[in-house]
Each structure stands twice: as C-alpha cells, then as structure tokens.
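Reminder that position 210 of the sequence shown reads as 210 in the numbering used here, one-by-one numbering, no gaps.
For reference, the structure is listed below as structure tokens.
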Amino acid sequence: MFDFFRYDHMNVLDAPIAVLSRDCRVIYRNQAALALSRKFALNNNFIKCFEDGNNQALRCIERGRPVIAKIDLGYGGTHTALLVPDKSPEGTAAILALAPLLEGELCYEPSVATFSPQPFMPGTATLPGGKTLSQLGMVLINSYAALLSSEISVGRENFTLGYACAFLNRLYDRIFSYRPYEASAKCTTECVNMPIGRLSELFPLLACLSVIFTVNAQDRKLEVILHCQNERPVFSFFFIPRNSVKSAEGEVIELFEMFPGRKVELAILSAVSDRLGWDMTVNIFEKTANVELKGRERIPAYFFRSIDKEQNLYVLCPIEEILDFLCRPF
C-alpha cells in the first residue's frame, strides 16, 4: 500500500497532479485533478485515458525517465501530460502532471528587507506559507505549462536564430531588470538568417534554462551564444555554477549534477528538448559550464550568409506575444 500522505503537499497546487501505480490505477490525485475530471478518482484504471491505449505509467517506471503522453479525459478535454518516475519504500509509481510541480525558493519573492524597491507579483492564495510567486517563478511555471500543453500559439513560425536572440535579450530585460543578475545573448553574423522550426515551442525551454542557470551562477551572470556546428543550430549557455562539479576537464556530465534538488525539473526539460529534436550536453572548462542545446536537423548551406542591413529581422509582435504569455501573472 502506498503512503498517500507523502503527496499531500500537492493539494496546494492549482496544477492537476495524480500518481499512477504500475498497473495504471490512480493511487493519489490532488483536488485540482479531481475538479478537472472524475477519471482521476482513486483506484480508477487510467489506461483508457491515454490516447494510444498503452500503459504509459508502466513505460515511465520501466524506463526510469520522464514520459510525455496525450491523455483524453472526455468532457475534460485532451491534454499533454508529463509522467515522472517516483521511487518510494512502497515501490515505484509514476507522477502524472498537467503542469510540473515546482518547488524551492526560486519561485517565490524574497523578503522585503532584502529587495525593498522590487515590485511584488500577485500570487495564488494557496501557496505554502502565504508566499508570493516571484516573476521568475511565474516564468518557470508558465514555461513548463507551455512546454507540456503547447499553449503558445502565434500566427507565424518563420523564426530564425536572430529572432531567438532577440527573444532572449527581451526576456532578460523583463525578468532580471530589478534583480542583481546579468544575462545577454549574441548571435554570430552568418547564422542570423538560419531558420528554426517549432521555435515558439522551444522558447519556453530556453526561458526555463536561462532562469535556472542565471540564478544558480556563482557570479549571477549568464552569456548565451547562438551559432552553428556542422550546419546545425546551437545555443551555448556559459556560466560558472555555484556548486562545484567534480569532473575531468572537458568531460560531459549530467545537467542535474550542477543543481542538487532540481533533478526532476531538469529531467523534464531534457525530455522536452528530446521531443523537440534537440540534444543537450554539458561540459566544464576551467570552472565554466557550457551547456549546449544542439538541433538535430541540418540547415541548407545557403542560409549561412551575412544579414542584409536593410532587413527588418526582429519582428516584435510574435516575440512580445510569447513574452506576455511567459510573464503573465497568476
């Protein structure tokens, strides 16, 4: 029998959360999940809710890695769900989230004494301890929600690496302007016109990584270089991790090794990047971390040219729409 009380803290979340056993029966659900659909009732067989009819909970448990799947709740609608393996003394189960569980001080506003001039963002009434969500917390939660549900939708998808660079710098201006952080993005000239498919889905992933890296940087600084390798687009994040990582010079390590306590969240991001067709690698050179997000799709050579100075590269409307979504208050 599973210990239901170990999941009680999830009841304070507005995001629907459930826990599924190996045979795909609901052994826990929070109030948000039950309010969304009666199919989250305890002991209900959830297999029939997966669109492919397969036991995705068992797949998640056996793989030991997050799984992204579509679920159909009937009148509750179709959703993209994330399943994360959860080990406990009672056995391994799968946590199913329609928006991931984010914990830790990163999501909350610091005390007034620490940052007296900074604006407080409105939060939800059910946050633990009466805490208020910070703007960084909102970006993270909105980004995770967007990654899971593909909520971001713009009327055009002809984005380029140049657009991505503009997006990152505008994001940093919004979320770091009143905090002691520095972040900037630069794009190499020959790659500015490189087209990137499904970039609006990638934007939330870039936002999550940017927040986590900057806040956990020893000097609170992040530099992002957008370039290409072997005709593939690459986002290179450079920062000095606050937690020292023991590794040989140039050795590839796991991302979560630099961020103790955030393994599940980073595993979610890795799963999403894999689904979108991007590979993530981590290297340490002279204490500086280089996290590379590299696209698998090759880009035709004729896109590698200098930008026309007369070209209006940064079409602001789609970028601002996405930023408004990611920074929206609760």
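We treat Cβ as the ideally placed atom computed from N, Cα and C, and that holds for glycine.
The structure displayed is predicted, hence computed values, not measured ones.
Annotation for Gly76: no beta strand (DSSP E) segment contains it, and DSSP assigns it neither H nor E. Under the three-pair Cβ rule at 8 Å, the stretch 213-231 counts as touching the stretch 175-191. CA-to-CA, the gap between Arg220 and Glu182 works out to about 6 Å.
Residue state for Leu36 is assigned as helix, using DSSP reduced to three classes. A straight line joining the alpha-carbon of Ala207 with that of Leu222 spans about 12 Å. Minimum Cα-Cα distance from Asp324 among the listed residues Val67, Arg170 and Ile68 corresponds to Arg170.
Straight-line spacing of the CA atoms in Glu231 and Lys294 works out to 10 Å. For Phe213 against Val291, the beta-carbon gap comes to about 7 Å, under 8 Å, which counts as contact. Taking a cut-off of 8 Å on C-beta distances, the stretch 269-279 does not touch the stretch 158-178, as fewer than three cross pairs fall below it.
Taking C-beta atoms as the reference points, Ile196 and Phe237 fail to come closer than 8 Å.
Under the three-state reduction of DSSP output, Asn43 falls in the coil class, being neither helix nor strand. With a beta-carbon spacing of about 5 Å, Ile322 and Phe203 fall inside the 8 Å limit used to define contacts. One thing to note: Ile61 has its Cβ within 8 Å of the Cβ of Ala94. Assignment of Ala207 by DSSP, reduced to helix, strand and coil, places it in the helix class. In this structure, DSSP gives Gln218 a state outside helix and strand, which the three-state scheme calls coil. Straight across, the Cα-Cα distance linking Asn30 with Pro300 is about 48 Å. Between Pro180 and Leu136, the alpha-carbon positions lie close to 13 Å from each other. Taking the Cα of Arg242 as reference, the smallest distance to any Cα among Gly277, Ala267, Ala289 and Leu276 is reached at Ala289.
Spatial neighbours of Ser143 in its own chain (CB-CB distance under 7 Å, excluding positions within 5 residues in sequence) are listed in chain order as Pro204, Ala207, Cys208 and Leu326.
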